[in-house]
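Student: With the numbering used here, the residue at position 102 of the sequence shown is 103, and numbering never jumps. All residues carry an ideal CB built from backbone N, CA and C; glycine is no exception. No experiment lies behind these values; they were computed from the predicted model shown.
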Amino acid sequence: MSLSVKNNIIKIISFFYFFNAIVEVIAETFSYEPIIFITKPLIPILLMVLYFYTSKSNCKLFYVIMFFSLLTNLLFIPNTADSLFYGVITYTIHRIFLLILIFRIIKIKDYIPFFLATLPLGFIFFYLFAASDVPENSYYLIFFHNLIAAVLGGVAISSYVMNDSKQNSYLLISVLLFLGLQLVIYIEKYYMVDSHSYILRPLAMTLNILAFYMFYQFVVISEKNQTTIDLP
2 MSLSVKNNII KIISFFYFFN AIVEVIAETF SYEPIIFITK PLIPILLMVL YFYTSKSNCK
62 LFYVIMFFSL LTNLLFIPNT ADSLFYGVIT YTIHRIFLLI LIFRIIKIKD YIPFFLATLP
122 LGFIFFYLFA ASDVPENSYY LIFFHNLIAA VLGGVAISSY VMNDSKQNSY LLISVLLFLG
182 LQLVIYIEKY YMVDSHSYIL RPLAMTLNIL AFYMFYQFVV ISEKNQTTID LP
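1. Roughly how many angstroms separate the alpha carbons of I143 and A22, rounded to a whole number?
2. Taking only beta-carbon atoms, is Y217 less than 8 Å away from chain B?
3. Pull up the distance between the alpha-carbon of F38 and that of M206, whole angstroms please.
4. Going straight from the alpha carbon of F19 to that of V26, what length do you get?
5. On the DSSP letters alone, give me the boundaries of the alpha helix (DSSP H) that D83 sits inside.
6. For S3, does the three-state DSSP call read helix, strand or coil?
7. Could you check how far apart the C-beta atoms of S15 and L51 are, in whole angstroms? I think they sit under 8 Å.
8. Is it the case that the Cβ atoms of L208 and L182 are separated by a distance below 8 Å?
9. Per DSSP, what kind of secondary structure is N171 in: helix, strand or coil?
10. Return yes when the Cβ of F126 is within less than 8 Å of the Cβ of A150, no when it is not.
11. Let me make sure I understand the geometry here. Which of I94, F77, F98 and I103 has the alpha-carbon closest to that of G88?
Next up, the structure:
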């Protein structure tokens, strides 16, 4: 495949990614589930296709992350206790693989900035955890997920502070969007569980769409910098 044809394919897929994203956000605004069940799973699928054409090494772990993102998106569509429980499980697994991939790319050399960035985020998320009415069957999963979120934030912030590179900038933007997404989900699922919000779900999906696109850019740039991240 010629470079020009490949670039055109990448542009077309990128266009469809953001077009699908706009349709998804509109569908979330009006809670129109027939469209949501189509557009929401397409977000990670289109990113996987986009990554296939742009990646230099096609890291298998990236596809695993996107697969669990797809499952999480599907399970978070129905507003039921069971779907929320299984959604939290897949979301936690997804975050574990996300953290593994980031640690394969980012090598922490100084742990002091990492701990200084992680601790405040840990206090924030565990305060929200303690102040919210978390279902008993999800208690330990949410606790563990908050720990992962604090570590993700610590890695991204400390890496950016120590080395303001393009790679670390994309990671910081991506992780901050992920943390914002988690905050919005907390508010929707545990603080406003008895009321419908016309803002929170579209906002959550907007953060989700942008966070994953920035993460995709982070991985691709890392590969261009000849970082070895492929699975054995």
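Tutor: This is what the structure holds:
1. Here residue 143 corresponds to residue number 142 of the sequence shown, with the count starting at 1. Here residue 22 corresponds to residue number 21 of the sequence shown, with the count starting at 1. Roughly 27 Å between the two C-alpha positions.
2. This model lacks chain B altogether; it includes just one protein chain.
3. In the sequence shown, residue 38 corresponds to position 37, counting from 1. In the sequence shown, residue 206 corresponds to position 205, counting from 1. Computed Cα separation, rounded: 13 Å.
4. Counted from its first residue, the sequence shown places residue 19 at position 18. Counted from its first residue, the sequence shown places residue 26 at position 25. Approximately 10 Å between the Cα atoms of the pair.
5. Taking the first residue of the sequence shown as position 1, residue 83 is located at position 82. Segment A82 to I106, the alpha helix (DSSP H) holding D83.
6. Within the sequence shown, the letter at position 2 stands for residue 3. Looking at S3 - three-state DSSP - the assignment turns out to be coil, as it is neither helix nor strand.
7. As a first step, residue 15 must be located in the sequence shown, where it is residue number 14. As a first step, residue 51 must be located in the sequence shown, where it is residue number 50. With 8 Å as the limit, S15 and L51 qualify as a contact, their Cβ atoms being about 6 Å apart.
8. As a first step, residue 208 must be located in the sequence shown, where it is residue number 207. As a first step, residue 182 must be located in the sequence shown, where it is residue number 181. Their beta carbons are under 8 Å apart, which means L208 touches L182 by this criterion.
9. Reading the sequence shown from its first residue, position 170 is the one you call residue 171. Correcting the residue identity first, residue 171 is Tyr in this sequence and not Asn. Three-state DSSP puts Y171 in a helix.
10. Here residue 150 refers to the residue found at position 149 when the sequence shown is read from its first residue. Here residue 126 refers to the residue found at position 125 when the sequence shown is read from its first residue. For A150 and F126, yes; Cβs fall inside 8 Å.
11. What you label residue 88 is simply residue 87 of the sequence shown in a count that begins at 1. Answer by Cα proximity: F77.
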